[in-house]
Every structure is written in C-alpha cells, then in structure tokens.
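Offset between the sequence shown (1-based) and the working numbering: plus 279.
Here's the structure, in structure tokens; my notes come after.
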Amino acid sequence: MKNTTKRKTLIPMSIGMLVISTSQIFSQFMKLTDLMKGSFTGIGIGLILTSIIFGDFKTI
C-alpha cells in the first residue's frame with residue numbers, strides 16, 4: 280500500500296473546501312446554473328471525502 284502522510288491528505292481537503300467556498304461566493308455575484316453549482320459542490324465534497332477516507336489522521 281502507499282504510504283500517505285497527513286500533509287498529502289490535507290492538500291485535497293483544503294482544495295475541496297476552497298472549491299465549495301468559491302462556488303458559493305461566485306453564486307452571490309454571478310448567475311450560475313444549478314448544474315454548475317451542483318458540480319462544484321460535488322467536486323468539493325468528493326475531494327474532502329476522499330482525503331478523509333484515504334488519509335492517515337491517527338495521532339501518535
């Protein structure tokens with residue numbers, strides 16, 4: 280198995296949160312379709328869940 284570190288799993292988690300927050304900000308100022316809002320939110324949630332599942336968040 281691959282050896283994933285905590286730093287490698289925090290990168291997709293932070294990118295996922297950034298994607299969700301930017302889609303919310305853009306929807307306030309611009310007209311986004313439901314498809315775009317849903318896809319950005321889905322990508323963000325997918326990145327967050329992937330980093331949680333495959334991450335190694337055990338403390339020593």
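The beta-carbon is built from N, C-alpha and C at its ideal position, and this holds for glycine as well.
Remember, it's a predicted structure, so these values are computed and weren't measured experimentally.
In the same chain as Thr288, and ignoring 5 residues on each side of it, the C-beta atoms closer than 6 Å to its own belong to Ser330 and Gly334, in chain order.
In the three-state scheme derived from DSSP, where H, G and I count as helix and E and B as strand, Gly317 is classed as helix.
Nearest in C-alpha terms to Gly321, of all of Ile332, Ser302, Leu311 and Ser306, is Ser302. By alpha-carbon distance to Ser318, the top candidate from Ile294, Arg286 and Ile299 is Ile299. An exposed status is given to Leu314, since fewer than 16 other beta-carbon atoms sit within 10 Å of its beta-carbon.
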